[in-house]
Amino acid sequence: RPPADSEVTACPPERLHALSALFGTAARESGAEPPHASGELSEEALIALVGRHPMALGVLAATFGRSDDDLRAFIEPLARQGRLRLFESQGTLFAGGCGM
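Residue numbers (this note's numbering): 1033 to 1132.
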């Protein structure tokens, strides 16, 4: 998910893990990439998913077991139709909802 502020960068996982010790047992690391999705990728499901939570194309490709190029070919027509939008944040291409 892209940061709300373009000046903010993601904390490297190693640093996040080291910092979690400062907060004791209440700390919980999150942000891991999701496991593979079950089921087929449909236009409606993808639009609903990225409409709630913008996602990097690379993460979407891995989640749905597709190559980056294959997923991009699937998404670009939807963006041209105005059903979702593609945008770049800190050098990473994301898909998101049109109202974001």
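Built from N, CA and C at the ideal position, the CB exists for glycine as well. Bear in mind the structure is a predicted one, so any value in this text is a computation, not a measurement.
Straight through space, the alpha carbons of glycine 1097 and alanine 1111 are spaced by roughly 21 angstroms. A check of alpha carbon separations from glycine 1114 across Leu1051, Gly1129, Leu1073 identifies Gly1129 as the nearest. Going by C-alpha positions, serine 1052 is about 15 angstroms away from alanine 1042. Secondary structure note for serine 1121: its beta strand (DSSP E) is the uninterrupted segment 1117-1121.
Scanning the region 1088-1112 from its first residue to its last, the whole alpha helix (DSSP H) runs of 4-plus residues come out as 1089-1095, 1100-1112. For leucine 1073, the closest of Arg1047, Arg1117, Ala1094 by C-alpha to C-alpha distance is Ala1094.
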